[in-house]
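In what follows, a structure is listed as structure tokens, so that the remarks can point back to it.
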Amino acid sequence: MGLGKENKGKKRIIMKKTILITGGAGFIGSHVVRRFVNKYPDYLIVNADKLTYAGNLENLADIEGKKNYIFEKIDIVDKESVMRLFRKYPFDGVIHLAAESHVDRSITSPDEFVFTNIVGTVNLLNSARVSWNNSCQGKLFYHISTDEVFGSLGKEGYFTEHTPYDPKSPYSASKASSDHMVRAYNHTFGIPAVVSNCSNNYGPNQFPEKLIPLVINNIKTNKPIPVYGKGENIRDWLYVEDHASAIDLIFHNGKTGETYNIGGNNEWKNIDLIRLLCSIMDRKLNRTPGASEKLITFVKDRPGHDLRYAIDSSKLQKEFGWSPIPEFADGLEKTVEWYLTNEKWLDGILSGDYSKYYDRMYSGR
Ligand code: NAD
Ligand code: DAU
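See below:
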């Protein structure tokens, strides 16, 4: 039984569980935090995040005042801060999303990925181990990972839970390493742990360095749409709230030591997806059909660019009855609408360091 602590004048309340969610002010993490805070009023949700360029508390403005929600600004690379956090709260569960998450950044600056994704994960595992030393009964360390750890597929086949790891980028290598550490702590020290590996997410609040929000913003502002290589790489897209619902199911029903694959069964060649986005944007912005496509610009490919990702999520579907909800067209429509109506959120990001990153990243391509 966890005890909810006062935070910013909030009342002291008794909670059924105390859950640490890391990376909760980022894209996926903010959707997971919101879901848990609203759906489980008797859980105390502690969102721990360093608030890097990718973390933004505005993502959670709507739940800021909730009694069962606390934000802690913390860098998971700092071992002492992580230990202190585990001494402050009696965590029953950890849902670990904090990470450096952008492949292109891992190619230009891999070190940060090693620190946050590997060292940060080990710091959390060590603290959980110390804190849960006396009894692991009812405890769970849930590590959120990616399908990129499996490497790249050819034209055929799917990633299953048994596909051997073959990471190709510094990002995926750092995530693969953290997955191995989580499984090793489960096997060696008995830390109850589960891992899930998910395909590409899209939806509201995604940082505009990632393909879908970048394309939406470039069309809106009449900037070239940078397509890496020939645009033939394939990704399996999943609406972010479907990922959050899978995380909820796995956190509550997942078996310790198990891995679950999560995917949209929704493969798109980049160029086809970009063309679809162009047509949605033409309609939304009342532009002549075909106008946005003129912005498509083929640029130098990403080094080591994985060709195809596709997830077999039948285990999750069979065991927990999970399935993705919106049709891709509906999910994309909702996403475009969100970016067009949340200009303030986007402008806040575009006016900061991101604009320098964008110039650096795309000027030589
Ligand atoms: P994101 O980049 O939007 O958010 C990451 C969050 O982690 C940010 O809030 C950031 O401030 C925080 N963070 C970074 N370094 C930190 C540190 N040292 N200490 C504390 N907090 C730190 O990422 P996302 O796209 O929401 O991805 C979340 C997780 O899901 C990641 O682990 C990622 O590998 C995984 N994942 C992402 C996708 C996807 O398509 N985006 C798909 C599968 C898995
Ligand atoms: O598969 C899950 C992964 O999906 C997550 O683990 C990562 O955190 C997440 O960033 C995402 O990785 P990708 O590299 O697949 O996503 P990104 O949005 O960066 O790129 C999607 C595809 O679009 C990829 O093939 C590269 C291409 N692309 C991307 C950008 C940013 C372009 O052609 N042009 C661009 O400007």
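Heads up, the final residue of the sequence shown is numbered 479 in this note's numbering, and it's a clean run with no missing numbers. By construction, the Cβ of each residue, glycine as well, lies at the ideal position given by its N, Cα and C atoms. Predicted model only: the values in this text are computed from it and were never measured.
In the same chain as M197, and ignoring 5 residues on each side of it, the C-beta atoms closer than 6 Å to its own belong to S241, in chain order. With 6 Å as the limit between CB and the heavy atoms of the ligand DAU, the residues that fall short of it are S215, H216, V217, T260, D261, E262, S313, N314, K324, L325, L328, P340, V341, Y342, N347, R349, N384, R416 and Y423. The C-alpha of K408 is placed about 27 Å away from the C-alpha of Y353. DSSP, read as helix, strand or coil, puts R401 in coil. If you compare the alpha carbons of S288, V233, R243 and T302 with that of V191, the shortest gap goes to V233. Going by beta carbons, L446 and L390 fall inside the 8 Å limit.
It is roughly 14 Å from the alpha-carbon of F229 to the alpha-carbon of I188. Taking the Cα positions, H276 is about 30 Å away from Q320. Between the alpha carbons of A287 and V263 lies a gap of roughly 7 Å. Straight-line spacing of the CA atoms in S259 and G478 works out to 31 Å. Cβ-Cβ separation between G265 and D461: approximately 38 Å, too far for a contact (criterion under 8 Å). For the ligand NAD, a non-hydrogen atom lies closer than 7 Å to the CB of K289.
DSSP places W452 in the helix class (H, G or I) of the three-state scheme.
Beta-carbon to beta-carbon, H210 and L165 are separated by about 17 Å, too far to satisfy the 8 Å threshold. Around the C-beta of K289, 16 or more other C-beta atoms lie within 10 Å, and the residue is accordingly described as buried. Per the coordinates, the alpha-carbon of L267 lies some 44 Å from the alpha-carbon of K202.
Beta-carbon to beta-carbon, Y285 and F227 are separated by about 6 Å, close enough to satisfy the 8 Å threshold. In the DSSP assignment, L430 falls within the unbroken alpha helix (DSSP H) covering S428 to F434. The ligand NAD never approaches L387 closely enough for any of its heavy atoms to be under 7 Å from the residue's Cβ. For Y256, same chain residues with a beta-carbon under 6 Å away, outside a window of 5 residues either side, are I209, V308 and F365 in chain order. Between the C-alpha atoms of Y272 and E381 there is a straight-line separation of about 11 Å.
With contacts defined by Cβ atoms closer than 8 Å, L325 and I376 do not form a contacting pair. Secondary structure at D163: strand, using DSSP grouped into helix, strand and coil. For the segment 155–237, the full-length alpha helix (DSSP H) segments reaching 4 residues or more read 193–202 and 217–222 along the chain.
L363 has its Cβ no nearer than 7 Å to any heavy atom of the ligand NAD.
Judged by DSSP in its simplified three-state form, T302 adopts helix. In this structure, the C-beta of A358 stays at least 7 Å away from each heavy atom of the ligand NAD. DSSP, read as helix, strand or coil, puts I133 in strand.
Counting along the chain, the unbroken beta strand (DSSP E) around N375 starts and ends at T373 to I376.
Counting of Cβ neighbours within 10 angstroms places V244 among the exposed residues, the total staying below 16.
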